Every structure is written in C-alpha cells, then in structure tokens.
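These protein sequence lines map, in sequence, to chains A and B. Note that my numbering gives residue 35 to position 35 of the first sequence, counting from 1, and the numbers run on in steps of one. Note that my numbering gives residue 373 to position 310 of the second sequence, counting from 1, and the numbers run on in steps of one.
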Amino acid sequence: MVSEFRKDHELHKRRFGRNMGLGGVLIAFVLLVFGLTIVKISEGTSLQGFDHVVRPELILEAQ
Amino acid sequence: MTDTTTLIDHSNEAEFGDYIALLKPRVMSLVVFTALAGLFVAPVSVHPFVAFTAILFIAIGGGASGALNMWWDADIDAVMRRTAKRPVPSGRVTAGEALAVGLALSVLSVLMLGLAANWVAAGLLAFTIFFYAVVYTMWLKRSTPQNIVIGGAAGAFPPMIGWAVATGGVSVESVLMFVLIFMWTPPHFWALALFMKDDYSNAGVPMLTVTHGRKTTRAHILVYTLLLAPMALALAATSIGGPLYLAVSVVLNALFIKGAIIIWRRDEDAAVADEYKVEKKFFRFSLVYLFLHFVALMVGVALANFGVGTW
Numbered sequence: 001m002v003s004e005f006r007k008d009h010e011l012h013k014r015r016f017g018r019n020m021g022l023g024g025v026l027i028a029f030v031l032l033v034f035g036l037t038i039v040k041i042s043e044g045t046s047l048q049g050f051d052h053v054v055r056p057e058l059i060l061e062a063q
Numbered sequence: 064m065t066d067t068t069t070l071i072d073h074s075n076e077a078e079f080g081d082y083i084a085l086l087k088p089r090v091m092s093l094v095v096f097t098a099l100a101g102l103f104v105a106p107v108s109v110h111p112f113v114a115f116t117a118i119l120f121i122a123i124g125g126g127a128s129g130a131l132n133m134w135w136d137a138d139i140d141a142v143m144r145r146t147a148k149r150p151v152p153s154g155r156v157t158a159g160e161a162l163a164v165g166l167a168l169s170v171l172s173v174l175m176l177g178l179a180a181n182w183v184a185a186g187l188l189a190f191t192i193f194f195y196a197v198v199y200t201m202w203l204k205r206s207t208p209q210n211i212v213i214g215g216a217a218g219a220f221p222p223m224i225g226w227a228v229a230t231g232g233v234s235v236e237s238v239l240m241f242v243l244i245f246m247w248t249p250p251h252f253w254a255l256a257l258f259m260k261d262d263y264s265n266a267g268v269p270m271l272t273v274t275h276g277r278k279t280t281r282a283h284i285l286v287y288t289l290l291l292a293p294m295a296l297a298l299a300a301t302s303i304g305g306p307l308y309l310a311v312s313v314v315l316n317a318l319f320i321k322g323a324i325i326i327w328r329r330d331e332d333a334a335v336a337d338e339y340k341v342e343k344k345f346f347r348f349s350l351v352y353l354f355l356h357f358v359a360l361m362v363g364v365a366l367a368n369f370g371v372g373t374w
C-alpha cells in the first residue's frame with residue numbers, strides 16, 4: 001500500500017512561519033553578541049591587566 | 064486502531080507577527096527615535112555598533128513593557144474599539160504568553176543594555192519598564208484622571224537613557240529632554256481622548272474627559288501647553304541647544320499654543336458638528352511638534368561639530 005503525503009494544513013504553514021521567525025531572532029541575537037564581543041575586545045585597553053593574575057604594569061592607573 | 068479526531072479550533076492560533084504586535088511597534092518607533100536623539104546629542108562618542116545594540120535593547124525594553132501592559136489590560140482593551148484587535152483580547156495570544164514574553168524581554172533587555180553600554184543606562188531602563196508596567200498600567204490608569212500626566216514619565220525616559228548610554232550619567236540636558244516629553248504627553252493624549260470619547264468611558268478608564276468633563280479637559284490642554292513652552296525653550300540655553308533649536312522651538316510652541324487656545328474656546332456642539340476636526344489636527348500636530356524638536360536638537364549638535372550655529 002502506498003501512503004500518501006497529506007497536503008499541509010494552513011495551520012502548519014503558520015507554525016512554520018512562527019518557527020522561522022523565532023529561528024531568525026535567535027540567529028540575530030547570536031550575531032549581535034558576537035559583534036559586541038569583537039567591539040568590546042578591540043576597544044578594550046590592557047585587558048590582560050585583569051587576566052587571572054593582576055599585572056600592575058599593564059594598568060595605566062597603577063603606573 | 065481508530066483515528067482520533069481532535070476538535071480543537073486552531074484557526075485563531077498566533078502568527079509570528081502577533082508576538083511582534085505585543086511589543087507595540089508604533090510606540091517602539093517613538094522610543095527608538097527619542098533614545099537615538101538622546102544618544103546623538105550627548106557630548107561623548109559611542110562606537111556605532113554599541114550604539115545600535117543599545118538602541119535595540121532600549122526598544123525591546125519598551126516593547127516588553129508594552130507586552131506587560133497588554134497582559135494586564137486585556138479586559139479593557141477588549142471593550143475599546145481602538146484596542147479590541149490586539150493579540151490578547153482577540154484571543155490569538157493568551158494573557159499568560161503576553162506576561163511571559165514581557166517578563167523575559169524585560170530581563171533580557173536590561174541585562175544586555177548593562178553589558179553593552181553601562182549600568183546607569185540599564186538601571187534607567189529597568190525603572191522605565193517598572194514605571195510603565197506597574198505604576199502606570201496597574202496602579203494609576205484605572206484609579207486617577209491624572210493617569211497620563213504621571214504615566215507620561217515612562218515615555219519620557221528614552222532620551223535620558225540614550226544620553227546615559229553615552230555619558231554614563233544624568234545631566235541638565237537629559238533632564239530637560241525628559242521634561243519636554245513629560246509635559247507634552249498630557250495635551251497630546253487629552254486631544255486624543257476628546258475625539259475617541261466613547262472608548263475610554265465604555266472601558267471605565269477614568270480619563271479626564273470622563274471624570275471632569277470635556278470643558279475642563281480643554282482648559283487642561285491649554286494649561287499644559289502653556290507650561291510646556293518655557294520647558295521646551297529652556298533647552299535652547301543648554302550645551303545641546305543653539306540658535307537653530309531656539310528658532311524652531313519658538314515657531315512650534317507658538318503654533319501649539321495657538322491650537323490649544325482654539326481647542327479651549329470651542330464648545331462641544333462645534334466639535335461634534337465638524338467631527339472633531341480641530342482636535343484631530345491638534346493631535347497630529349503634537350506628533351510633528353515633538354519630532355521637530357528632537358530633529359532640531361540633532362541638527363544643531365551636528366552643525367556645532369562643524370563650528371556652525373553655536374551660541
């Protein structure tokens with residue numbers, strides 16, 4: 001017996017649209033956080049000054 | 064085995080756009096514009112990507128408070144013509160979903176603004192959401208005819224948040240931008256209430272038009288318009304004002320006061336006869352009034368960067 005694929009109900013199209021919308025929002029959020037990270041790191045001065053062990057020679061205020 | 068047929072009606076299930084509608088996109092556009100203006104005129108430059116992120120999360124925070132408002136106000140939204148088609152009263156989104164979206168986006172927007180910009184801006188955003196959702200929506204809206212006067216503060220915070228994103232603080236300039244929107248809100252909304260008269264009384268919202276009558280509302284519009292003018296003009300004397308802003312503000316305030324006087328002098332019969340033509344015109348002009356004030360501030364600051372148009 002050959003099973004037939006049923007035609008998509010309008011409801012499935014609506015749910016598909018909703019899932020695509022949410023997927024788009026999540027991807028955009030990931031890209032946003034990534035972009036923000038890049039900007040913060042490239043703008044950051046002497047980040048190493050606070051990395052694991054304080055290195056006063058890299059902190060401007062300490063000099 | 065037998066097929067089971069479910070008889071649940073899914074014809075009213077939400078689309079993605081319904082969740083966007085929960086965030087009140089039209090209100091968000093005003094939030095974006097005024098926050099951007101606050102950020103632009105601030106004397107500290109911000110990396111464009113950080114600025115974009117900050118404005119985005121200020122807008123999302125504003126949207127979140129809109130969703131919380133729709134959750135709480137679903138009962139009165141259902142009886143007002145203007146709001147009956149909103150996602151919750153129309154049944155496409157449940158009140159619980161609106162609450163969840165509102166709370167989740169509130170937390171997300173405040174945290175992200177804090178991480179992207181600074182915690183002063185994030186704190187102001189958190190306070191704005193609290194003020195709109197709790198102080199205005201839950202407390203004032205249904206209890207006092209001064210609801211929109213005090214509630215207007217929520218809409219007045221965005222330029223202050225934009226300023227805080229850049230400077231990390233609050234100053235005379237940002238407070239005056241706040242006052243400009245705060246004092247503008249009552250005449251703007253009371254003009255709307257004058258020609259949307261059935262809506263608020265049907266819903267039992269104590270708008271000034273319902274509690275104190277339409278004549279008193281007309282007088283209040285004039286009083287607030289007169290009080291607004293010196294506040295708007297005061298911005299011209301600050302570091303972000305200048306001759307251009309002063310000239311624009313003088314013209315706009317003269318026209319706004321003229322409109323308010325005409326509204327004050329009119330009686331209801333005349334208003335009904337021409338279907339609130341003057342009130343509708345005043346309402347539309349109020350939007351232009353606010354828009355052009357902020358445009359003038361931004362153009363003034365941009366020109367000042369080239370050494371043109373400063374005091």
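Virtual Cβ for every residue (Gly too), placed ideally from N, Cα, C. On a predicted model such as this, the values are computed, not experimentally measured, just so you know.
Notebook entry, point to check: Would you say B:T157 faces chain A, with C-beta separation under 8 Å as the test?
Noted result: no
Next item on the list: Give a yes or no on contact between the region 188-205 of chain B and the region 233-241 of chain B, applying the rule of three or more CB pairs nearer than 8 Å.
Entry: no
Checklist line | B:L375 versus B:I326: straight-line alpha-carbon distance, rounded | finding: For chain B, the structure presents residues 64 to 374; residue 375 of chain B sits outside this window and is missing.
Next item on the list: Assign B:H251 to buried or exposed, taking buried as 16 or more other Cβ atoms, counted over all protein chains shown, within 10 Å of its Cβ.
Entry: buried
Note to self: With the cut-off set at 8 Å, would you say B:T116 and A:L60 are in Cβ contact?
What the structure shows: no
Next item on the list: Compare the C-alpha of B:T157 against each of B:K87, B:D81, B:L119, B:A127 and name the closest.
Entry: B:D81
Notebook entry, point to check: Which of helix, strand or coil does DSSP assign to B:W134?
Noted result: helix
Item checked: Pair within 8 Å by beta-carbon distance, B:L355 and B:L318 -> no
Next item on the list: Give the residues of chain B in contact with A:V39, contact being defined as C-beta atoms less than 8 Å apart.
Entry: H110, F112, V113
Margin query: For a contact defined as C-beta to C-beta under 9 Å, what are the partners of A:G17 on chain B?
Written below: E78, F79, G80
Notebook entry, point to check: Taking all protein chains shown into account, do 16 or more other C-beta atoms lie within 10 angstroms of the C-beta of A:M20, making it buried, or fewer, making it exposed?
Noted result: exposed
Notebook entry, point to check: So, B:Y287 versus B:A299, is the Cβ gap smaller than 8 Å?
Noted result: no
Notebook entry, point to check: On the premise that B:A122 lies in contact with B:I192, defined as a C-beta separation below 8 Å, what is that separation, rounded to the nearest angstrom?
Noted result: At roughly 12 Å, the Cβ-Cβ gap does not stay under 8 Å, so B:I192 and B:A122 are not in contact.
Check: What residues from chain A crowd round B:A179, counting only those whose CB sits closer than 7 Å?
Finding: L36
Check: Relative to chain A, which residues along the region 261-280 of chain B have a C-beta separation below 8 Å, given in chain order?
Finding: none
Notebook entry, point to check: What is the rounded straight-line gap between the Cα of B:S108 and the Cα of B:R205?
Noted result: 42 Å
Notebook entry, point to check: Can you tell me where the alpha helix (DSSP H) with B:G159 in it begins and where it stops?
Noted result: 158-179
Check: Mind pulling the chain A residues with CB within less than 7 Å of B:T116?
Finding: L32, L36
Margin query: With three or more C-beta pairs closer than 8 Å as the rule, is the region 90-104 of chain B touching the region 215-232 of chain B?
Written below: yes
Note to self: Can you give me the C-alpha to C-alpha distance between B:K344 and B:G322, rounded to a whole angstrom?
What the structure shows: 9 Å
Notebook entry, point to check: What are the boundary residues of the alpha helix (DSSP H) that B:W253 is part of?
Noted result: 235-258
Margin query: Comparing C-alpha positions only, which one of B:D337, B:R347, B:F79, B:M133 sits nearest to B:K87?
Written below: B:M133
Check: So, are the CB atoms of B:G165 and B:A130 less than 8 Å apart?
Finding: yes
Checklist line | Burial state of A:F34 (16 or more Cβ within 10 Å) | finding: exposed
Check: Is the Cβ of A:G21 closer than 8 Å to any Cβ of chain B?
Finding: yes
Next item on the list: Please say whether B:N265 and B:M175 have beta carbons closer to each other than 8 Å?
Entry: no
Item checked: Cβ distance (whole Å) where B:G124 is taken to contact B:S92 below 8 Å -> 14 Å between Cβ atoms; not a contact.
Check: B:V375 to B:M240, Cα distance in whole Å?
Finding: As shown, chain B starts at 64 and ends at 374. That puts residue 375 of chain B outside it, with no answer to give.
Check: Buried or exposed: where does A:H9 fall if 16 or more other Cβ atoms within 10 Å of its Cβ makes it buried?
Finding: exposed
Check: What distance in whole Å lies between the Cβ atoms of B:V212 and B:L188, which are believed to be in contact at a cut-off of 8 Å?
Finding: So it is not a contact: roughly 22 Å between Cβ atoms.
Next item on the list: Would you please verify whether the beta carbon of A:L26 is less than 8 Å from any beta carbon of chain B?
Entry: no
Margin query: Report the CB separation of B:A84 from B:R145 in whole angstroms; it is logged as a contact under 8 Å.
Written below: With 8 Å as the limit, B:A84 and B:R145 do not qualify as a contact, their Cβ atoms being about 14 Å apart.
Next item on the list: Give the range of the alpha helix (DSSP H) segment to which B:D337 is assigned.
Entry: Per DSSP, B:D337 belongs to no alpha helix (DSSP H) and is neither H nor E.
Next item on the list: Please list, in chain order, all residues of the same chain as B:L285 whose beta carbon is under 6 Å from its beta carbon, the five residues on each side excluded.
Entry: A323, W327
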